[in-house]
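These notes are about the structure you will find just below.
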Amino acid sequence: MTGRVTYKFGAVLVGFLISCSSHGWAETGAGQETTDSAAAKPDVGIRQDVATELVQVTLNSAVAIESEQPFTELSIANPSIADISTISETLVYVLGKSPGNTTLMLLGQGGELMRVVDIRVVPDITEFTSRLEQLFPDQEIEAITANDGIVLMGTVDNASVMQQALELASHYAPGQISNLMTLKPVETSGPDLADFERRLRDLLPEQEIAVEIAEGKIVLTGEVDSPAALENATKLAESFVPGQVTSFLTLREAPMPLPDVGRLASALADILPDEDIKVHLIGDAIVLSGHVSTEQMLLQASEVAKMLYGDATISNMLTVSASSPCVVRTRKAGEMTEINVPCQK
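Numbers given in my numbering equal positions in the sequence shown, counted from 1, plus 413.
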């Protein structure tokens with residue numbers, strides 16, 4: 414029903430109860446006048462000092478409002494939200510019928526406005542909060558009323574619990590539920606680093622691999638000897654945290670094999686048999702020392718070393734010996750004579 418309902422009282426006040434039906438308001442007792450936007454109503458004298466007060470009524474419960482002065486007329490703006498009846502000429506009974514807000518006006522002699530009361534009907538959440546505690550004892554859910562609805566706050570373990578709490582609330586305030594609940598953050602436990610490192614050492618004992626945990630991920634750093642070792646380390650980490658492995662492993666460069674100085678010495682002896690050449694290995698460098706007869710022999714010794722070990726460092730410390738004269742002895746007329754001539758190699 415739309416419009417405002419007004420109740421008038423004569424000199425002798427008779428208590429009555431007004432109930433709302435689909436066809437309007439039933440009158441029992443004193444005279445009653447129903448007005449709407451199309452009906453005329455006498456002017457009401459309004460006192461400028463009348464303040465509006467708020468009275469909260471729980472749904473399907475009632476409160477009594479007392480007036481200091483006797484009233485002659487009551488007016489309720491929306492009777493579908495709150496119903497009223499008189500107990501005496503100074504006491505009115507207000508029943509909450511549906512969630513919402515409406516206004517009650519009390520008028521005195523001559524239609525003077527004595528009092529304005531904002532009636533707020535709120536859902537009864539006493540039973541609802543009790544049900545919440547019974548159904549979700551381990552959840553942090555708080556329920557409060559706001560205007561004509563229910564507000565749910567707090568944290569819950571998962572979305573299923575949240576949905577169940579909302580469905581329960583809808584039975585107490587259909588279509589008037591505000592959800593301020595949040596989900597608890599999921600606590601994820603990181604991988605067992607000690608167990609992983611132990612297994613990694615057992616699998617690849619000769620490899621230098623460092624392991625760290627960063628934001629729940631396994632991070633691998635270091636050097637390994639082969640692609641197979643790199644792959645095995647990564648696979649083991651993936652078995653602990655699938656899809657959460659970051660690998661910075663690199664392949665260690667294979668060391669250069671050391672030159673075989675015995676092989677080089679044998680080759681020099683075969684090619685330059687008359688030269689005094691010695692071969693040494695100092696660190697990873699080949700050192701040639703000794704004496705050769707000519708500059709040509711010195712260069713030839715270096716070429717032989719480069720031919721066999723071109724990637725190695727070769728240090729040629731050979732020296733060229735000064736030429737010694739060759740002595741030619743002859744016997745002539747029974748006498749021995751010696752002649753010095755240049756030696757030919």
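We put the beta carbon where it would ideally sit given N, CA and C, even for glycine.
Residue i to residue j, Cα distance in whole Å?
i	j	result
P455	A464	Low per-residue confidence applies at P455: pLDDT is 43, beneath 50, and the placement is therefore not dependable, though the value from the model is reported in the following sentence. Rounded to whole angstroms, P455 to A464 spans 22 Å at the Cα level.
A572	T595	9 Å
E748	M720	53 Å
L694	E619	28 Å
L504	V468	14 Å
R611	L649	11 Å
T542	L593	16 Å
D608	T634	18 Å
S660	E644	10 Å
V470	L526	23 Å
V674	M730	15 Å
A578	E540	14 Å
L606	D724	44 Å
G629	A646	18 Å
A475	L517	14 Å
L711	I684	12 Å
I631	S702	55 Å
D687	T732	14 Å
A490	Y506	15 Å
P598	P536	32 Å
E708	G696	27 Å
M575	D496	35 Å
I478	V530	9 Å
V569	L581	15 Å
P640	Q552	52 Å
S706	E716	16 Å
G567	I538	16 Å
E466	A559	18 Å
H704	A642	50 Å
S488	Q522	14 Å
R544	V658	47 Å
S591	E502	41 Å
What is the C-beta distance between residue i and residue j, in whole angstroms, given that I count them as a contact (C-beta under 8 Å)?
i	j	result
I500	T515	20 Å between Cβ atoms; not a contact.
V637	L664	6 Å
G509	N473	6 Å
L762	I622	Nothing can be reported for residue 762: it is not among the residues displayed for the chain, which extend from 414 to 758.
In the DSSP output, which residue or residues are listed as bridge partners for residue i?
i	result
S660	L633
Y506	A477 and S498
Q469	R533
A559	G562
I367	Because the chain in this structure spans residues 414 to 758, residue 367 falls outside the shown range and cannot be described.
I538	None; I538 has no bridge partner.
D689	H704
G513	V534
I684	Bridge partners of I684: none, in fact.
V518	According to the sequence as given, residue 518 is Met; it is not Val. S488 and V529.
A623	T634
S728	V700
Taking C-beta to C-beta, are residue i and residue j nearer than 7 Å?
i	j	result
V564	I554	no
L700	S734	For the record, residue 700 in the displayed sequence is Val; it is not Leu. Not in contact: V700 and S734 (Cβ atoms no closer than 7 Å).
R528	L519	yes
P512	D561	yes
A714	I690	yes
T726	A680	no
A682	V692	no
Confirm the yes/no value for this check: CB of residue i, any heavy atom of the ligand MG, distance under 6 Å.
i	result
S702	As presented, the structure is devoid of all ligands, the ligand MG included, so that no description of it is given.
For chain D, check one thing: does any of its Cβ atoms lie closer than 7 Å to the Cβ of residue i?
i	result
S702	This model lacks chain D altogether; it includes just one protein chain.
Taking 8 Å as the cut-off, does the stretch 649-659 touch the stretch 668-678 (at least 3 CB pairs, one atom from each stretch)? At 8 Å Cβ cutoff, the stretches do not touch.
Decide yes or no for the touch test of the stretch 577-595 against the stretch 610-618: beta carbon pairs closer than 8 Å, at least 3 of them. no
The stretch 547-554 contacting the stretch 484-493, beta-carbon criterion three pairs below 8 Å: no
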